[in-house]
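In our numbering, the protein residues as written are 257 to 567.
Ideal placement from N, C-alpha and C gives every residue a C-beta, glycine not left out.
What you are looking at is a predicted structure, and each value in this text was computed from that prediction instead of being measured.
Worksheet: the structure to be examined is printed underneath.
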């Protein structure tokens with residue numbers, strides 16, 4: 257992967273919506289290849305950027321890219337779900353803006369040995385944090401049929417979840433499932449011919465589901481939406497880029513809960529539930545990539561950017 261040529265999804269739109277001040281303090285909770293971080297850091301003069309990633313490989317790679325801005329960037333190995341705790345440990349009460357790009361980074365998909373891709377053979381891994389204990393091998397080979405069916409149905413929105421689960425259980429009863437392409441073959445064998453003729457790769461939804469489960473991605477997003485906005489200064493912006501409906505629903509509902517969370521009856525003259533509004537949506541609909549961006553980077557096709565401001 258050539259980092260210098262890599263362009264982050266919705267780069268201009270997210271940077272513009274952060275309303276960056278040169279002397280402000282900003283947080284990139286999903287460093288990845290450092291595209292967003294470089295753009296933020298280049299606009300700072302006296303300000304500071306906190307860049308977090310759970311993948312130590314991403315920190316090492318992007319650290320080199322960010323060397324020209326070393327005087328204003330702090331790199332942290334951690335999970336964006338712990339944003340509030342990380343800022344507390346750094347002695348930072350509040351920041352002027354936060355950006356979270358929830359997509360899987362290109363190296364994780366492109367480097368076959370990471371086990372994220374259904375196009376190359378590799379050990380079943382899929383860990384964003386290589387030090388984590390749970391891997392795709394564990395999910396595929398040790399989780400119960402009920403657990404497997406649930407994640408394939410809920411996280412992958414896979415309509416053949418039960419058939420795929422049954423095929424996985426049958427195979428692993430004979431011997432452990434060790435590699436990505438072995439799993440792909442099992443998924444293919446479970447699906448009807450009509451599904452195999454669809455444009456989308458038959459293993460895409462299942463691999464998505466297993467990856468989400470391995471990394472507890474949805475739990476991390478919920479925790480981030482529950483706690484991170486409290487670390488924004490008044491007027492500070494929260495920008496979140498999601499890539500599928502499960503993520504976007506959590507982000508949307510998290511913003512809505514802080515914007516319209518009053519539970520009093522509509523006819524009540526005053527609020528008595530104690531709700532305090534802490535966010536407002538900058539615009540109601542998510543910002544989508546342009547046709548030109550999708551043409552240049554097909555991975556951007558499903559991206560949605562939601563922007564909220566601390567009140």
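Cβ contact annotation for residue 479 (same chain, cutoff 7 Å, sequence separation greater than five): 337, in chain order.
In this structure, the alpha-carbon of residue 371 lies about 21 Å from that of residue 556. With three or more CB-CB distances shorter than 8 Å, the stretch 495 to 513 counts as touching the stretch 348 to 360. By the Cβ rule, the stretch 452 to 467 does not count as touching the stretch 321 to 336, because fewer than three pairs are nearer than 8 Å. In the structure shown, residue 451 falls within a helical segment according to DSSP collapsed to helix, strand and coil. Setting aside the 5 residues that flank it on each side, residue 420 is surrounded in the same chain by 408, 414, 443, 446 and 462, each with a C-beta closer than 7 Å to its C-beta; the list follows chain order.
DSSP places residue 281 inside the beta strand (DSSP E), whose first and last residues are 281 to 284. The beta-carbon separation of residue 332 and residue 348, rounded to 11 Å, does not stay under the 8 Å limit for a contact. For residue 272, the enclosing alpha helix (DSSP H) stretches over residues 267 to 274.
Secondary structure within the stretch 485 to 519: the alpha helix (DSSP H) runs of 4 or more consecutive residues, fully enclosed, are 501 to 515 (chain order).
Assigned with DSSP and collapsed to three states, residue 291 falls in helix.
Linking residue 293 to residue 351 through their CA atoms gives a straight-line distance of about 15 Å. Here residue 345 is exposed, its C-beta having fewer than 16 other C-beta atoms within 10 Å.
Looking from the CA of residue 535, the closest CA among 524, 525, 486 and 457 belongs to 486. For residue 463, the enclosing alpha helix (DSSP H) has its first and last residue at 460 to 471. In this structure the stretch 381 to 398 touches the stretch 304 to 314; the number of beta carbon pairs closer than 8 Å is three or more. Proximity of the stretch 375 to 382 to the stretch 433 to 443 meets the contact definition, three or more beta-carbon pairs being nearer than 8 Å.
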